[in-house]
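For reference, the structure discussed in these notes is given below.
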Amino acid sequence: MKYLVSLGCLLFLSLSLSGQIAKGDDGLFYDENGDLFTGVYKETYPSGIIRAEMTLKDGQKHGVSRTYFEDGKLSEHQNYKNNLMHGKWESFNTKGVQTAEANYKMGKKHGKWLIWDDHGTLRYDMTYMKSERTDIWYIFDESGKLVSSKDYR
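Here it is as structure tokens:
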């Protein structure tokens, strides 16, 4: 219950600090007049540190979107086009080490995907085309040594 109250307070603060921008049941973002919002939308932690910021166009995610840890460090960096992931997506751990880099094309996995562990060692090297596995996929152990590969061509 305490969690729900905190979550409710966070949502209220986020909406208050964003100029009353709200996400509708349809997944689109609206301003205080009920119009589709265009601009940069921000959510904050209770401390005032930015939790998320995203570029919106006509209520949809369109452009750069970033999420942050409570200490202000970058957690994720994404790109959107017409509310679909499009372009590079990157993820980082709390120490700032990159843990993932992936590519999307109009909401589908498309291109190179790389996954690192929390120490920065490459663990997976994969390729997608239109969300289908393609090319040769590689799996590495914790020391970075190739353990297996599979050909999806």
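Positions 0 to 152 (numbering that gives the first Met the number 0) are the ones given, in order, by the sequence shown. Every residue gets a Cβ at the ideal spot worked out from N, C-alpha and C, and that includes glycine.
- Leu35 and Lys41 have their alpha carbons spaced roughly 15 Å apart.
- In this chain, the beta strand (DSSP E) harbouring Phe91 covers Gly86 to Phe91.
- Leu113 is the residue among Met105, Leu113 and Lys60 whose C-alpha sits nearest the C-alpha of Glu89.
- Looking at the backbone, the Cα of Gly143 and that of His85 are separated by about 29 Å.
- Annotation for Lys104: the continuous beta strand (DSSP E) segment containing it runs Gln97 to Lys104.
- Spanning the alpha carbons of Thr133 and Ser147 requires a straight line of approximately 16 Å.
- Distance from Lys60 to Thr93 at the Cβ level is roughly 24 Å; contact not present, criterion being Cβ atoms closer than 8 Å.
- DSSP, reduced to helix, strand and coil, places Thr66 within a strand of the structure shown.
- Here DSSP, grouped into helix, strand and coil, assigns Asp24 to coil.
- Counting of Cβ neighbours within 10 angstroms places Lys108 among the buried residues, the total reaching 16 or more.
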